[in-house]
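Trainee: For the sequence shown, position 148 (counting from the first letter as 1) is numbered 147 according to numbering that gives the first Met the number 0, and the numbering increases by one without interruption.
Glycine is no exception: its CB is placed at the ideal position from the N, C-alpha and C atoms.
Mind looking over this structure? Questions follow.
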Amino acid sequence: MTEYDEFAEALIDQLAVEINEEKDNSHLASKIDEDSDFNINFDSLEQASERLFPWAKQKIQEFSGLLVPENTTIKFPELVDLKKLKGKRIYTTDDARDYVDYLVEAISNEDLGKISSLMKQDPVKFLVYSTYAKNYISKISVTFGDYLDNTIYLNKLFFSILPKIKLYNQGPPFENNFELINSSYMGGIKMTLLEESIHAIQQKLYEANKEAVKKVNEVYEDLAKIVLEIDDSTLSTVCDYMNLEPVPDDFPIAKRANLYFVLNPENFILGTLPPDQMATKEGQIDTKLSEMIPQLSEIYHRWLKPRQDQYAAMTVIQGMANVVIKNILKDDSDFKNYLSVFKGTDLVSFQAQKNLGIGFAESVFEKLGKDVFKKLIDDPPNTLELKDPQLYLSRIQSQ
Numbered sequence: 000m001t002e003y004d005e006f007a008e009a010l011i012d013q014l015a016v017e018i019n020e021e022k023d024n025s026h027l028a029s030k031i032d033e034d035s036d037f038n039i040n041f042d043s044l045e046q047a048s049e050r051l052f053p054w055a056k057q058k059i060q061e062f063s064g065l066l067v068p069e070n071t072t073i074k075f076p077e078l079v080d081l082k083k084l085k086g087k088r089i090y091t092t093d094d095a096r097d098y099v100d101y102l103v104e105a106i107s108n109e110d111l112g113k114i115s116s117l118m119k120q121d122p123v124k125f126l127v128y129s130t131y132a133k134n135y136i137s138k139i140s141v142t143f144g145d146y147l148d149n150t151i152y153l154n155k156l157f158f159s160i161l162p163k164i165k166l167y168n169q170g171p172p173f174e175n176n177f178e179l180i181n182s183s184y185m186g187g188i189k190m191t192l193l194e195e196s197i198h199a200i201q202q203k204l205y206e207a208n209k210e211a212v213k214k215v216n217e218v219y220e221d222l223a224k225i226v227l228e229i230d231d232s233t234l235s236t237v238c239d240y241m242n243l244e245p246v247p248d249d250f251p252i253a254k255r256a257n258l259y260f261v262l263n264p265e266n267f268i269l270g271t272l273p274p275d276q277m278a279t280k281e282g283q284i285d286t287k288l289s290e291m292i293p294q295l296s297e298i299y300h301r302w303l304k305p306r307q308d309q310y311a312a313m314t315v316i317q318g319m320a321n322v323v324i325k326n327i328l329k330d331d332s333d334f335k336n337y338l339s340v341f342k343g344t345d346l347v348s349f350q351a352q353k354n355l356g357i358g359f360a361e362s363v364f365e366k367l368g369k370d371v372f373k374k375l376i377d378d379p380p381n382t383l384e385l386k387d388p389q390l391y392l393s394r395i396q397s398q
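See the structure below:
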């Protein structure tokens, strides 16, 4: 087995829990369909979405004053297609686009030979983008929806089988629990349609995030190339200096991959720098390490600004969505049932989990009301203003 094959197997092994969960749920759903005692039918995801999408658009307009674009459509991809879609959400450098699409497809199909071949073809791109692919695909089982290019995508696997699995597991008589499970099912669809409809309004922020991520990934590709080209003597010296776990010499790419992931600024800088301080500090780069790898200082300097832009855009995107969902659904009985039955939590705990950007968005909303949502899209804050909402308020009120 080659080192490339080892990487391919390790990558799929890291997804084993999610892959097995997908297969187990699909198998259980098929078993339920074959049980003649279970004759309960839920509305299809397509039927429920057609009914609830106008409701979601109206609620968003009433609360935020914003209109969901008329050309926004809804699609219901099967599992593999949804995984490929997540791959499209990996914003690559221009020459890496096709490579990443092939890689995501290979991972989605658990094609070890293809994954190994792609790593051998371009180890730099594999190091940079395999982590994205793994993280995106590993979240499929808890991804209810997504948005890309004027289209809302709903997770057909999740919504089509989870309600009947929940009902079936509670046992007969199934009719007794149908209303509660069906209400929970509707609550999940309401939440997802609201969130993705808000994202459909945020196109300008999405474009800013996309361009920032592409620049970040350009830096990551350059860092991977630097690390893969390090000579063996320097590699050993750096690894010893950083106390990295030893890797056998017959795995030269693995040794360099370990170093790449340690030196990746997302770990090396943000690992010791709180996200809300990222805008104001560049982090200290060890002098001796910089002497051994002279390009590091420039790498980290180039990375900081686009990473700040990415952080700012995503914080506003999620903060705005979280505020809108929180206010629209706070008294919705279907949503409360969804949290209780599907998530095993309550509204307070759920909102505590959905905390990215919500403090900033709530602060400016309290001051300016619903007019602030359009302002956040047209004139978003920078990272300093995210840390201190009053700076943002002062700037936009003085214009």
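Checking the sheet assignment: what are the DSSP bridge partners for G86?
Mentor: Bridge partners of G86: none, in fact.
Trainee: Which of the three DSSP states, helix, strand or coil, is assigned to I18?
Mentor: In this structure, I18 counts as helix in the three-state DSSP scheme.
Trainee: Could you have a look at T279 and say whether DSSP puts it in helix, strand or coil?
Mentor: Confidence in T279 is poor, its pLDDT being 45 and thus under 50, which makes the residue's placement unreliable; the coordinate value appears in the next sentence. T279: coil per DSSP, three-state reduction.
Trainee: Are Q309 and V212 touching if we call contact CB-CB under 8 Å?
Mentor: Yes, Cβ-Cβ distance for Q309 and V212 is below 8 Å.
Trainee: Using a Cβ-Cβ cutoff of less than 8 Å, which residues in the same chain neighbour A55 once the five nearest sequence positions on both sides are dropped?
Mentor: Answer for A55: V67, K189, L192, L193, S196, listed in chain order.
Trainee: With a 10 Å radius around its C-beta and 16 neighbouring C-beta atoms as the bar for buried, classify Q317 as buried or exposed.
Mentor: Classification for Q317: buried.
Trainee: What's the C-alpha gap between Y337 and F37?
Mentor: Using only the alpha carbons, I get a separation of about 22 Å.
Trainee: At which residue ranges does the stretch 218 to 271 contain complete alpha helix (DSSP H) runs of 4 or more residues, listed in the order of the chain?
Mentor: Counting whole runs of 4 or more residues, the stretch 218 to 271 contains the alpha helix (DSSP H) stretches 231 to 240, 251 to 262, 264 to 267.
Trainee: Report yes if the C-beta distance between T236 and M291 is below 8 Å; otherwise report no.
Mentor: Contact: yes.
Trainee: I'd like the ranges of any beta strand (DSSP E) spanning at least 3 consecutive residues and lying wholly in the stretch 154 to 221.
Mentor: Whole beta strand (DSSP E) segments, 3+ residues: zero.
Trainee: What separation, rounded to the nearest whole angstrom, lies between the Cα atoms of L262 and L222?
Mentor: C-alpha separation (whole angstroms): 8 Å.
Trainee: To which residues does DSSP link D97 through a beta bridge?
Mentor: Beta-bridge pairing links D97 to no other residue.
Trainee: Comparing alpha-carbon positions, which option in Q352, W302, K369 lies nearest V323?
Mentor: Checking every option, the nearest Cα to that of V323 belongs to K369.
Trainee: Using the three-state DSSP reduction, which class does P273 fall into: helix, strand or coil?
Mentor: Bear in mind that the predicted position of P273 carries a pLDDT of just 47, short of 50, making it too unreliable to give a figure here.
Trainee: DSSP state of K74, grouped into three classes?
Mentor: K74: strand per DSSP, three-state reduction.
Trainee: By the 10 Å Cβ neighbour count, where 16 or more other Cβ atoms means buried, how is E384 classified, buried or exposed?
Mentor: With 16 or more other Cβ atoms within 10 Å, it is buried.
Trainee: Would you check if the distance between the CB atom of Y152 and the CB atom of R88 is smaller than 8 Å?
Mentor: Result no, Cβ atoms of Y152 and R88 do not sit closer than 8 Å.
Trainee: Would you call the stretch 245 to 259 in contact with the stretch 295 to 309, where contact means no fewer than 3 C-beta pairs closer than 8 Å?
Mentor: Short answer: they don't touch.
Trainee: In the DSSP assignment, the alpha helix (DSSP H) including G112 goes from what residue to what residue?
Mentor: Where G112 is concerned, the enclosing alpha helix (DSSP H) stretches over 111 to 120.
Trainee: Kindly give me the distance between the Cβ atoms of S129 and L10, rounded to whole angstroms, as I take these residues to be in contact under 8 Å.
Mentor: About 6 Å; that satisfies the 8 Å criterion.
Trainee: Would you check if the distance between the CB atom of K325 and the CB atom of Q294 is smaller than 8 Å?
Mentor: Contact: no.
Trainee: Kindly list the residues whose CB is nearer than 7 Å to the CB of Q169, restricted to its own chain and excluding five residues on each side of it in sequence; keep chain order.
Mentor: So the qualifying residues of the chain are N176.
Trainee: Rounded to whole angstroms, what's the CA-CA distance from I327 to Y167? Just pull it up for me.
Mentor: Roughly 31 Å separates the two Cα atoms.
Trainee: My parser needs the alpha helix (DSSP H) runs of 4 or more residues fully inside the stretch 322 to 365; what are they?
Mentor: With a minimum length of 4 residues, the continuous alpha helix (DSSP H) runs that stay inside the stretch 322 to 365 are 332 to 337, 346 to 352.
Trainee: Does the Cβ-Cβ distance between I164 and A7 come in under 8 Å?
Mentor: Contact flag unset, no.
Trainee: Quick check on the burial criterion: 16 or more other C-beta atoms within 10 angstroms. Buried or exposed for T91?
Mentor: Burial call: buried.
Trainee: Taking 8 Å as the cut-off, decide whether the C-beta atoms of K224 and P305 are in contact.
Mentor: Going by C-beta atoms, K224 is not nearer than 8 Å to P305.
Trainee: Suppose the cutoff is 6 Å on Cβ atoms and the five residues either side in sequence are ignored; what does the same chain contact list for K203 look like?
Mentor: I376, listed in sequence order.
Trainee: Who are the Cβ neighbours of V371 in its own chain at under 6 Å, not counting the five residues just before and after it?
Mentor: Within the same chain, V371 has close Cβ partners V363, F364.
Trainee: Can you confirm whether the stretch 115 to 124 touches the stretch 34 to 52 when touching is taken to mean that 3 or more C-beta pairs between the two stretches lie within less than 8 Å?
Mentor: Because the criterion of three Cβ pairs below 8 Å is not met, the stretch 34 to 52 and the stretch 115 to 124 do not touch.
Trainee: Quick one: using the 10 Å Cβ neighbour count with 16 as the cut-off for buried, is N70 buried or exposed?
Mentor: Exposed: under 16 other Cβ atoms inside 10 Å.
Trainee: When the distance is taken between beta carbons, is T72 closer than 8 Å to N149?
Mentor: Their beta carbons are under 8 Å apart, which means N149 touches T72 by this criterion.
Trainee: As a quick exercise: from L147, L14, L390, pick the residue whose alpha carbon is nearest that of K209.
Mentor: Selected option, being the one with the closest Cα: L147.
Trainee: Secondary structure at T382, three-state DSSP: helix, strand or coil?
Mentor: Looking at T382 - three-state DSSP - the assignment turns out to be helix.
Trainee: Can you tell me where the beta strand (DSSP E) with L147 in it begins and where it stops?
Mentor: From DSSP, the beta strand (DSSP E) with L147 extends over 144 to 147.
Trainee: Would you check if the distance between the CB atom of E49 and the CB atom of K83 is smaller than 8 Å?
Mentor: No. Outside cutoff.
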